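Okay, so here's the structure we're looking at.
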Amino acid sequence: MATSRQCRGVATLHNTLHLNRLVDMNFSVITTQFWSLVLQGLALGLIYALVSLGYTMVYGVLRLINFANSEVFMIGTFATLYLEIHVLGYATNAKSLHGATLIWTLFVVFIGAMIACAIVAMLVELVAYRRLRARGANRLASLISAIGVSIALLEGMRIITISRPMTTPRLLDKWSFGQFHGANFRIDTMMAIVVPIIIFVALDRFVTKSRLGKSIRAVSMSEENSKLMGININRVITLTFCIGGLTTGAAAFIYTTVYENTVFNVGFNMGIAAFTAAVLGGIGNLRGAFYGGIALGMLEQFASAMLGSQWKAVTVFTVLVVVLLFKPNGLFGEAVQQTRT
Amino acid sequence: MNKKIVSGLAFAAAATLALGVVATSPASAAGKTEVTLAFQGPLTGGDAQLGQDQIPGAIYAIALYNAKNPKVKVNLIKADSQCDGTVAANIAPGVAANKAVIGVIGTSCSGEARNSFPAYKAAGLTMIAPSASAVSLTNPKAPDRGFPIFHRVVAHDGFQAPALARYAAKGVTAPKFYVIDDMTTYGGPLAKGTLPTAKKLGTVVGTDSVPKGTADYTSVASKVKASGANVVIYGGYTTDAAKLFKALRDGGYTGILASGDGTNTSDFPGLAGKAAEGVRLTAADVPFDSILTKAQLADFTKITGVKVPGLYSTTAYNATNIFLDCISKGSLTRSAIQLCVTNGSWIGAGGETIKFDRYGDIIGGAPVGGYLVKNGVIVYDSVA
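Spelled out as structure tokens, the structure:
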């Protein structure tokens, strides 16, 4: 039992560090806002999960982090904006769409964003990775090359947009299905939850059941043996980048539809979050990336609500460090020699 | 060698050296037919509209001055800081090293002002800011104060913050305030500065600090909704205010939304969409188009290409005219400009007297205006 002297010491330390002013603790949110935070955490976390799939799949086959994936996401958000405003001709203050027009428009933009990201991702593989692999360059060279591509894309978009943020039209009106204990089931929130789940399930089935999926798993287990079995390694790696680009493009579309804005450096924070999710879940592990993204989204929402938004990043990365201390390969473990599902 | 030739050569060399020193000396005003002022503020980036709204005021003032065919013409160069302290720290030395520049119209933002001080203080380059309003910049006890080179023609946040709280709560019975800031040199102190007045007018039901550049504000929106607040005050800049206000409205918040001059830029309604409607904003500025006659406004549009002057065009115009007045009186070096600005007195475009105190603020302060977003346009409402 603490002595009164010890209690006075703690109180003095607390006041000296101004902890009462720095942290606005509010644990009552666990009861008052629980379902709202769960819903929002899920929506945000699944966007992270889609982007982290790009990181984790590439790591599975190449044992390299594709640092350019954050800029692939950025390109996807601008592709979404470009399609909506310049191709389909909707002004930023256009009225929301309804019915078949809404579904068709969103579908076209969704597919367009995914294709744009897939193309950029495959170009990144061609430029930053393939030639270096063919020449037997060490891993550091490939890493630096990817970072270089990332910076080139980011700075290029900075010049094109003169660093100005851009708004997309509200084509999807944010109407609510209803509420459950304070949690507001809005259409855009539900889209941000349902679509990634469908994509993940489809990807999971693809990797486990399809011939191409098995090729990816084979290459991630052993590149040498895959070559001996007649698998075209370059084609498999390109396919992996393509799939990562498609999922990242889907995330970009959902992000732009939910938040209705983008800027040249939007990929930076998203990239950090998605990479963190991939590591938290277990880099190279598809299911790990999925659950890692959800965990990260939840952590951010609850930390923000309970401690204050300024503590969000501190909390998330502290938890990451603690998890890695006890589970160095992430919550679900690294994919050792295979892209695990 | 002949002694006469040697001494002749020595004299010629000395004369050449002396003339050369005079000709290239940066401190010399002799023979100057042109001087340069620098405008420093965000011209690109997320907060670009702030600088884009201000610089026409400076361009207009200089164009009117040069049209009078003065002995010394004035040029304007632009230093784009993106309202970012890190960028400002990199560009300010370049501006300071440009010997042609004798004064800085700027900075627009408080964080960039602070980071520019080392370069400008070392170079003795006088600053007159149209909108950098953080109290610490002129606080004699603050380590980041701009004394002796920093001046501003705008009321600091010590005036704006209470006015913002009053204006936000105007007409609200039993206001419950939720105060949010963006953790910047400007937004943090502005938001916190509203708290004393907010506590007098009603109750403060919550506060939050969300880093500038945050993408997702849904957790903040949930907290605000759960708190029962009916007045939200945000200390920060346009881009983040737009995201926050959108998230609040989409999250079901129906109360008052208010913010300061960092949000009071002409691109805010476009970025925030429907969420901008009814937002209450403050600024220590009088709309330039309310001061100009129709003919002057047409002239302004012809010179600058801007049809409707944005916020702080007036203060930028005032800041530039102070420099121009000093130049017309023969202050053509940095030290002469500093002396003139520190000791002079002027009448601003709105009829107010501008005389700086020792630390760079206008003696007697300046009124803070309240602005409303109506039908997608920011309009002046009343004194806040």
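Residue numbers (our numbering), protein chains in the order written: chain A, 1 to 341; chain B, 1001 to 1384. Where is the CB? At the ideal position from N, CA and C, for every residue including glycine. The structure displayed is predicted, hence computed values, not measured ones.
Using DSSP with H/G/I as helix, E/B as strand and the rest coil, what is residue 229(A)? The three-state reading of DSSP puts residue 229(A) in coil, since its state is none of H, G, I, E or B.
Label residue 126(A) either buried or exposed according to how many other C-beta atoms from any shown protein chain fall within 10 Å of its C-beta, with 16 as the threshold for buried. exposed
At 8 Å on the CB atoms, spell out the chain A contacts of residue 1220(B), in chain order. 304, 309
Could one say the Cβ of residue 1127(B) lies closer than 8 Å to chain A's Cβ atoms, at least one of them? no
Alpha carbon to alpha carbon, how far is residue 96(A) from residue 30(A)? 35 Å
In whole angstroms, what is the alpha-carbon distance linking residue 1348(B) and residue 1197(B)? Distance between the alpha carbons of residue 1348(B) and residue 1197(B): 29 Å.
Expressed to the nearest angstrom, what Euclidean distance is found between the alpha-carbon atoms of residue 1068(B) and residue 1314(B)? 21 Å
Can you pull the chain E residues whose beta carbon is under 7 Å from the beta carbon of residue 217(A), in chain order? The chain inventory of the structure shown lacks chain E, comprising the protein chains A and B.
Could you name the residues of the same chain whose beta carbon sits closer than 7 Å to that of residue 1223(B), not counting the 5 residues immediately before and after it, in chain order? These residues qualify, in order along the chain: 1206, 1208.
Using three-state DSSP, classify residue 1318(B) as helix, strand or coil. helix
Should the stretch 271–289 of chain A be regarded as contacting the stretch 49–58 of chain A, the criterion being three or more beta carbon pairs within less than 8 Å? yes
Just verifying my parser: in three-state terms, what is the DSSP assignment at residue 209(A)? helix
Look at the alpha carbon of residue 317(A) and the alpha carbon of residue 220(A), and state the distance between them as a whole number of angstroms. 28 Å
What residues of chain B sit near residue 263(A), judged by a beta carbon separation below 7 Å? 1046
Closest to residue 108(A) by C-alpha separation, out of 192(A), 290(A), 281(A), 79(A), would be which residue? 79(A)
Measuring alpha carbon to alpha carbon, tell me which of 169(A), 48(A), 100(A) ends up nearest residue 94(A). 169(A)
Which same chain residues end up closer than 8 Å to residue 1332(B) when comparing Cβ atoms and leaving out the 5 residues on each side of it in sequence? 1029, 1032, 1035, 1072, 1102
Using a Cβ cut-off of 9 Å, which residues of the stretch 1083–1102 of chain B contact any Cβ in chain A, in chain order? none
What is the C-beta distance between residue 146(A) and residue 67(A), in whole angstroms, given that I count them as a contact (C-beta under 8 Å)? 5 Å
Going by C-alpha distance, which of 1292(B), 1327(B), 1249(B) is nearest residue 1351(B)? 1292(B)
Residues of the stretch 1134–1156 of chain B with Cβ closer than 9 Å to any Cβ of chain A, in chain order: none
Relative to the C-alpha of residue 296(A), which candidate in 306(A), 287(A), 280(A), 286(A) has its C-alpha closest? Nearest in C-alpha terms to residue 296(A), of all of 306(A), 287(A), 280(A), 286(A), is 280(A).
Going by DSSP, what residue range makes up the alpha helix (DSSP H) through residue 1055(B)? Residues 1048–1067.
So residue 1289(B) packs on residue 1311(B), CB below 8 Å; how close in whole Å? Wrong, their Cβ atoms sit about 11 Å apart, outside the cutoff.
Got a sec? Which residues, its chain only, sit under 6 Å from residue 244(A) by beta carbon, not counting five neighbours each side? 54, 57, 58, 121
Alpha helix (DSSP H) segments (min. 4 residues) lying fully within the stretch 1269–1314 of chain B: 1288–1291, 1294–1304
With a threshold of 8 Å between beta carbons, is residue 92(A) in contact with chain B? yes
Meets three-Cβ-pair contact criterion under 8 Å: the stretch 1269–1282 of chain B and the stretch 1298–1307 of chain B: Between the stretch 1269–1282 of chain B and the stretch 1298–1307 of chain B, the count of C-beta pairs closer than 8 Å stays below three; the two stretches do not touch.
C-alpha gap between residue 1256(B) and residue 1230(B), whole angstroms: Cα-Cα distance, rounded: 6 Å.
Determine which residues of the stretch 134–167 of chain A have a Cβ less than 8 Å from any Cβ of chain B, and write them out in chain order. Considering only beta carbons, the part of the stretch 134–167 of chain A lying closer than 8 Å to chain B consists of 162, 163, 164, 165, 167, in chain order.
Please look up how many angstroms separate the CB atoms of residue 236(A) and residue 215(A), rounded, as I've assumed it's under 8 Å. 5 Å
Use the C-beta contact count for residue 363(A): other C-beta atoms within 10 angstroms, 16 or more gives buried, fewer gives exposed. The shown model of chain A, from 1 to 341, leaves out residue 363(A), and the question about it has no answer.
Mind the definition here: the stretch 222–236 of chain A touches the stretch 137–153 of chain A only if three or more C-beta pairs lie below 8 Å; say whether that holds. Using a Cβ-Cβ distance cut-off of 8 Å, the stretch 222–236 of chain A and the stretch 137–153 of chain A are not in contact, since fewer than three pairs of beta carbons, one from each stretch, lie closer than that value.
I want to know whether the stretch 1259–1273 of chain B touches the stretch 1235–1243 of chain B - three or more CB-CB distances under 8 Å. yes
Going by beta-carbon coordinates alone, are residue 180(A) and residue 35(A) separated by less than 8 Å? yes
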